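To start, the structure under review is shown below, and the notes come after it.
Protein chains in written order, with this note's numbering: chain E, 3 to 329; chain B, -3 to 236.
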């Protein structure tokens, strides 16, 4: 296991300082800090996705299933049993992990596009169930998180800065888990699978078990973040939390734009994609229907065309460029 | 060669395939302790499937006895620890890992072994070119060097049986000759080898015994000298 270099420590310290200072620059009830919170939440979500997709190269397009399970689990437990969302989050993680395990059994032997399509279908199945099982989920009408006296225990806050701190904490925790896994024996096994699954198998790596383990961890974290989303938005419906575009593909896209398989990638990606999306909405949505999505889409395509490995690859590329100039 | 004891690998009545498609039909074959055996045949005869079946990568019915253990039904990741190392077709290295990491990962199944450094040094002595490129990403090496990495990785296991799937495919003749010299050297240390090779002349020149696989069935077997002298083999595989 390699240790962080002193430059890396300094960078982390600067980031932490900036992260603590930022909320004080915004109106605590304003729109800007909401976008920040969403960006942080999506950074954490993309990081969870990164554990199975970035480390094992199993590109899941069905992570909305775990996210939605998490949002509904804690919310229903709160509505029906008055259970604090903190315990609801644990229940969400258990169910999310279980769902990840069950979906892994038939899909983990699939590779590449086949795996992506199978998981895509799984997310959609959950959305359809959510819409049609009205008795449990409230159906397409959606479901509201009951308001209570704002407190840490109730996981509800008046001050947006508290949500900011919560989401920031989520990013730190999930990123730490990602880094620990990446540097562990499990990370090495995942890396072997990613680079050459056949070779990993013939040297004795239990590839199926390894992939399932990563998938379960990723599913648990994603479901927990679904609980945070529910507590942050107070209202959601199946199309939002189980959505392909709104959740599954967005998680994948953020990680890919930022740099798949890297720890900083999903964070960079989220702080690019989420504000960009909002900006495109503000500037173009009044002009013509769908124009904002078009502009947003074109910008994302440009990013991927210019640097397919994401923002994290731009640094090394610049370094090479300058090194070449020296000669 | 007379094999007095039970063979190291003893395959009897093996059927195997993918999904509903059966590739191997009633295959029986054996490899003695330290023996060098080759399986020759056309491209689609099922040679790779045979090796993949031994490694547990393909579903099978029948019997594969190895060193007193039954392999049929055993998950593939438990096979290396028994002493079977497989060099898959097509130079399967871990491209972004260094040569050293690739080689060391070969001992994954026996990672508690105390002599890993000795094993590594032995392999680097066998392939001096790998020692020069120890910290280079394996994916940046030439085809021949990548094959050396894959073979070195397999030898880290100090296997009782080495499965080689088309090791010379797509490589320059000079490298091919070097590799086969290496196989003979490995064979002399007492490691049994089951070699699959498109180049029949070469295969029969290094192995002591061979089988001919046609459309998933063993149609002929014998010593390399017998097979080289066989008219059917000469016309079909040796182009004579």
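Even for Gly, the Cβ is constructed at its ideal location relative to N, Cα and C.
These numbers were taken from a predicted model, which means no experiment stands behind them.
CB of residue i within 8 Å of CB of residue j, strictly
i	j	result
residue 231 of chain E	residue 43 of chain E	yes
residue 229 of chain B	residue 198 of chain B	no
residue 55 of chain E	residue 262 of chain E	yes
residue 220 of chain B	residue 200 of chain B	yes
residue 227 of chain E	residue 64 of chain E	no
residue 70 of chain E	residue 244 of chain E	yes
residue 242 of chain E	residue 250 of chain E	no
residue 82 of chain B	residue 5 of chain B	no
residue 144 of chain B	residue 125 of chain B	yes
residue 68 of chain B	residue 80 of chain B	no
residue 122 of chain E	residue 256 of chain E	no
residue 64 of chain B	residue 187 of chain B	no
residue 50 of chain E	residue 223 of chain E	yes
residue 206 of chain B	residue 21 of chain B	no
residue 209 of chain E	residue 188 of chain E	no
residue 267 of chain E	residue 313 of chain E	yes
residue 150 of chain B	residue 90 of chain B	no
Buried or exposed (CB count within 10 angstroms, at least 16 for buried), residue i
i	result
residue 321 of chain E	exposed
residue 17 of chain B	exposed
residue 207 of chain E	buried
residue 88 of chain B	buried
residue 233 of chain B	buried
residue 12 of chain E	exposed
residue 39 of chain B	exposed
residue 203 of chain E	buried
residue 9 of chain E	exposed
residue 155 of chain E	exposed
residue 160 of chain E	exposed
residue 82 of chain E	exposed
residue 284 of chain E	exposed
residue 2 of chain E	Because chain E is modelled from 3 through 329, residue 2 of chain E falls outside the range shown and cannot be assessed.
residue 237 of chain E	exposed
residue 161 of chain B	buried
residue 33 of chain E	exposed
residue 177 of chain E	buried
residue 308 of chain E	exposed
residue 274 of chain E	buried
Check: residue i C-beta below 7 Å from any heavy atom of the ligand ZN
i	result
residue 79 of chain B	Absence of the ligand ZN is noted for the structure shown, with no ligands found whatsoever.
Proximity winner among the options, relative to residue i (alpha-carbon distances)
i	options	result
residue 142 of chain E	E:239, E:285, E:99	E:239
residue 148 of chain E	E:258, E:84, E:297, E:313	E:84
residue 351 of chain E	E:129, E:175, E:214	Outside the modelled stretch of chain E, which goes from 3 to 329, sits residue 351 of chain E, for which no answer is possible.
residue 93 of chain E	E:128, E:225, E:104	E:225
residue 123 of chain B	B:152, B:11, B:81	B:152
residue 254 of chain E	E:62, E:189, E:22	E:62
residue 164 of chain B	B:156, B:155, B:149, B:141	B:141
residue 346 of chain E	E:17, E:157, E:21, E:23	The requested residue 346 of chain E is not part of the displayed model; chain E covers only 3 to 329.
residue 88 of chain E	E:197, E:233, E:173, E:10	E:233
residue 56 of chain B	B:166, B:187, B:23	B:23
residue 179 of chain B	B:85, B:33, B:216	B:33
residue 117 of chain E	E:6, E:58, E:134, E:154	E:58
residue 111 of chain B	B:225, B:188, B:154	B:154
residue 183 of chain B	B:28, B:50, B:12	B:28
residue 113 of chain E	E:23, E:53, E:199, E:269	E:199
residue 19 of chain B	B:9, B:42, B:150, B:106	B:42
residue 96 of chain E	E:133, E:218, E:277	E:218
residue 76 of chain B	B:7, B:84, B:106	B:106
residue 129 of chain B	B:119, B:116, B:94	B:94
residue 127 of chain B	B:98, B:108, B:103, B:104	B:98
residue 52 of chain B	B:166, B:108, B:73, B:44	B:73
residue 22 of chain E	E:39, E:7, E:31	E:39
residue 260 of chain E	E:291, E:311, E:295, E:278	E:311
residue 103 of chain E	E:131, E:68, E:91, E:127	E:68
Residues sharing a beta bridge with residue i, DSSP
i	result
residue 59 of chain B	B:8
residue 158 of chain E	E:153
residue 66 of chain B	B:61
residue 37 of chain B	B:209
residue 237 of chain B	The requested residue 237 of chain B does not occur in the structure, where chain B is confined to residues -3 to 236.
residue 17 of chain B	B:14
residue 190 of chain B	B:33, B:159
residue 237 of chain E	E:146
Secondary structure, alpha helix (DSSP H): runs of 4+ residues fully inside the region 59 to 124 of chain E: 66 to 83, 87 to 109
Ranges of the beta strand (DSSP E) found wholly within the region 68 to 118 of chain B, counting only runs of at least 3: 80 to 83
Alpha helix (DSSP H) segments (min. 4 residues) lying fully within the region 104 to 187 of chain B: 112 to 122, 124 to 128, 139 to 151, 169 to 184
Unbroken stretches of the alpha helix (DSSP H), 4 residues or longer, contained in the region 161 to 205 of chain E: 162 to 185, 187 to 197, 199 to 204
Contiguous alpha helix (DSSP H) assignments of at least 4 residues, all confined to the region 252 to 290 of chain E: 267 to 286
Ordered list of alpha helix (DSSP H) runs contained in the region 203 to 236 of chain B, each at least 4 residues: 220 to 225, 227 to 232
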